[in-house]
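One structure below.
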Amino acid sequence: MGYKNLAECVADLEKHGHLLRIKEEVDPYLEMAAIHLRVYEEKGPALFFEKIKGSPFPAVSNLFGTLERSKFMFRDSLPKVSQLVDLRSDPMKALKNPFKFAGAGLTALSALPMQQHLFKSVFKKTTISQLPQIVNWPMDGGPFITMPQVYTEDVNKPGILNANLGMYRIQLAGNDYIKDKEIGLHYQIHRGIGVHQSKANAKGVPLKVSIFVGGPPSHPLAAVMPLPEGLSEMTFAGALGNRRFRYFYDDEGFCLSADADFIITGTVYPQETKPEGPFGDHLGYYSLTHLFPLMKVHHVYHKEDAIWSFTVVGRPPQEDTSFGALIHEIAGSALPQEIHGLKEVNAVDAAGVHPLLFAIGSERYTPFLNERRPQEILTIANHILGKNQLSLAKYVFIAAREDNEDLDTHDIEVFLTHILSRIDLKRDLHFHTETTIDTLDYSGGGLNSGSKVVLAAAGDVKRVLSKELPANFNLPVPFGDYHFVMPGVLAVKTGVYTTPEEAAGSIAELNLSLIKQELNGLALIVLCDDAAFTADSINNFVWVTFTRSNPAADIHGVGEFIKDKHWGCTGPLIIDARKKPHHAPELIKDELVEANIDRFRLNI
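Under this note's numbering, the first residue of the sequence shown carries the number 619, and numbering increases by one thereafter.
Here it is in structure tokens:
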């Protein structure tokens, strides 16, 4: 739908039964987030909070809470936008079938941003402290904007067509920020805004930043879309929303979105930082306090009937899971066009997205000594690890499509079964050590520091996975309670992790015990704090295993060896996924708040 603003979207959702109004005053400290989480878990409607304690503005959340609701909001534009993304990824399609794709060029042209001046009079001014001060989790460092659209321009190529619109979290208050004058920006240097900041730093000038909140739902979606090179977020927003992105510049030269509900303008000066965080994040843990860029606030604008937009992040699935499903719906075919031989790729949401990646690629190389083995898919895996956000992947499992054309990366258990039954543990693990990982992942030794591993499988089945252990199976102390997660995968409870040296010693004893036992049907043992919880569901298993381990430090194996600097084992593989002293704390709901929100009697 071509919504002119967020209010039109809210009205449309309410008219069609996709929105619930909460009329009673709600505390932005934990209560709003708790309500959102409870409704999301029940696949409930979008939420409109009419009265927020301490703020004159209402708020909406859970707009994208289900794929069905997201598709409903964009019901008139999804097909042509998918075609536009597809065409930008593979322009030859237009030459091969010009009549089929003739409309895509017109879509892009009609969606170009539109500069207008008549909107200046509709904005009023407020302060940061008057905005809804929403705190999602008990240990958060303060209130955050969780659904922002952060706009910056290239100082060397100014103008909207070379601008970046991204979604980076914003801390509004707390820590050492001066009230109403300073806010914190959290982003990684390789992101679009980071590139712009580095260029501004090189010229010794402050970077101008405009933060938009609200507006048509096409705008926040554009801010998170992994778009093909040359397709701007503002043009995409116009195509998706059936309404050109309207903008103007204020008297200080800041770009303002004419359709946004709120706009915060400010500057980021070279090398100026302040502590930002903690923040309950999408891996299911807190990202801790670190120095990040400081933004000095110039103005806070809002419309007369402005609606604040927010979401809540935490252990998946959350609303950003539905975001991801919609992105796949729109652009799922784009990446295979960019990486030759790649059939499909899935950043596994249940594992926090970045820690675990499943991929399927072609294995067409001439068999090595008449044995099919990973060759081409290793090249594809390296390409994946050099591609934008995919470069944050920590574990990459990649299979050869020729072994099973029906294999699906979104069926976690089936995909893992395929890999674990075919992988040669002596040969098919390939480590990247002393490298960068996701800023939000604390499984490594420091911020952005850790390792990666590619597990590749091609060829015949090498082991039949089973849920049976030998009658005389036994584990040495301190290894105790164990449960099968799935055939071939065993979760084992062990003692609390203290030091790497102690861990290495106990795992060495485990290896000595297991190497004497017949374990042909077992491919993977996961050492964990709670075996029953880990094995309770496939989602629990991938979350525990891949968010709590650093491959180079925590992967072990029965009969492990190093040959020509290559690590391997005779099997089974062992992953130490216990909580480590340097790990960030996991997100836990506040029991008192959970009891307090019962008063709303949510009719979901």
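In this text, a Cβ means the ideal position worked out from N, Cα and C, and glycines have one as well.
Just so it is clear, the structure is predicted and the values come from calculations on it, not from any experiment.
Excluding sequence positions up to five before and after ALA1149, its CB lies within less than 7 Å of the CB of ASP1099, TYR1100, HIS1101, ALA1109, VAL1110 and LYS1111, all in the same chain and listed in chain order. Counting only runs of 3+ residues, the beta strand (DSSP E) found wholly inside the stretch 1178-1214 occupies 1179-1181, 1184-1186 and 1191-1194, in chain order. Residue burial is scored here from C-beta neighbours: ARG1219 has fewer than 16 other C-beta atoms within 10 angstroms and is therefore classed as exposed. Inter-residue distance for GLY856 and PRO838 is about 12 Å (C-alpha atoms, whole angstroms). Per DSSP, the continuous beta strand (DSSP E) segment holding LYS961 begins and ends at 960-965. Boundaries around PHE941 are those of the alpha helix (DSSP H), 937-949, since no beta strand (DSSP E) includes it.
7 Å or more divides the Cβ of ILE1143 from the Cβ of PRO1203. C-alpha of ILE1192 to C-alpha of ALA1171: approximately 11 Å in a straight line. Residue range 1169-1172 is occupied by the alpha helix (DSSP H) that includes ALA1170, with no beta strand (DSSP E) assigned at that position. Counting only runs of 4+ residues, the alpha helix (DSSP H) found wholly inside the stretch 760-848 occupies 810-821 and 836-842, in chain order. In terms of Cα proximity to PHE880, the closest of LEU1205, LYS1198, ALA1141 and PHE675 is PHE675. Contact between GLY1186 and ILE1133 is absent: CB atoms are separated by about 14 Å, not below the 8 Å threshold. Inter-residue distance for ILE1002 and PHE910 is about 28 Å (C-alpha atoms, whole angstroms).
GLY760 has its alpha-carbon roughly 28 Å from the corresponding atom of LYS661.
The alpha-carbon of PRO992 is positioned some 18 Å away from that of LYS1181.
In this structure ALA965 does not touch VAL1160 by the C-beta definition: roughly 12 Å separates them, more than the 8 Å allowed.
Contact check for ILE811 against ASN782 passes: the beta carbons are separated by less than 7 Å.
Here LEU1140 carries a coil assignment [DSSP, helix/strand/coil]. For ARG687, the uninterrupted alpha helix (DSSP H) run begins and ends at 685-691, by DSSP. DSSP places THR1053 in the strand class (E or B) of the three-state scheme. Excluding five sequence positions before and after MET1104, the CB atoms of its chain that fall closer than 6 Å to its own CB belong to GLU1031, given in chain order. Within the same chain, and ignoring the five residues on either side of ALA1076 in sequence, the residues whose Cβ sits closer than 8 Å to its Cβ are GLU981, ARG990, ARG991, PRO992, GLN993, ILE995, ALA1017, ALA1018, GLU1020, ASP1021 and ARG1040. Secondary structure note for TRP1161: its alpha helix (DSSP H) is the uninterrupted segment 1156-1165.
If only uninterrupted beta strand (DSSP E) runs of at least 3 residues are considered, those enclosed by the stretch 848-893 are 864-867 and 873-875. Distances from the CA of GLY822 to each of ASN774, LEU655 and ALA677 were compared; the closest alpha carbon is that of ASN774. The stretch 1208-1218 and the stretch 646-661 touch, with three or more beta-carbon pairs separated by less than 8 Å.
For PRO911, the enclosing beta strand (DSSP E) has its first and last residue at 908-921.
Under the 10 Å beta carbon count, GLY1064 is surrounded by fewer than 16 other beta carbons and is classified as exposed. Residue pairing by DSSP places ALA1153 in no beta bridge whatsoever. Contact check for LEU1047 and LEU1073: beta-carbon distance about 6 Å, within the 8 Å limit, so the pair qualifies. If you draw a straight line from the Cα of ASN1092 to the Cα of SER1131, it is about 8 Å long.
For the 7 Å CB-CB criterion, PRO766 and ILE670 do not form a contact.
Collapsing the DSSP output to three states places TYR1115 in coil. With 16 or more other CB atoms across the displayed protein chains lying within 10 angstroms of its CB, HIS1036 is buried. Close CB contacts of ILE653 within its chain, under the 6 Å cut and outside five residues either way in sequence, are with ILE1215 (chain order). Secondary structure of GLN733 (DSSP, three-state): strand.
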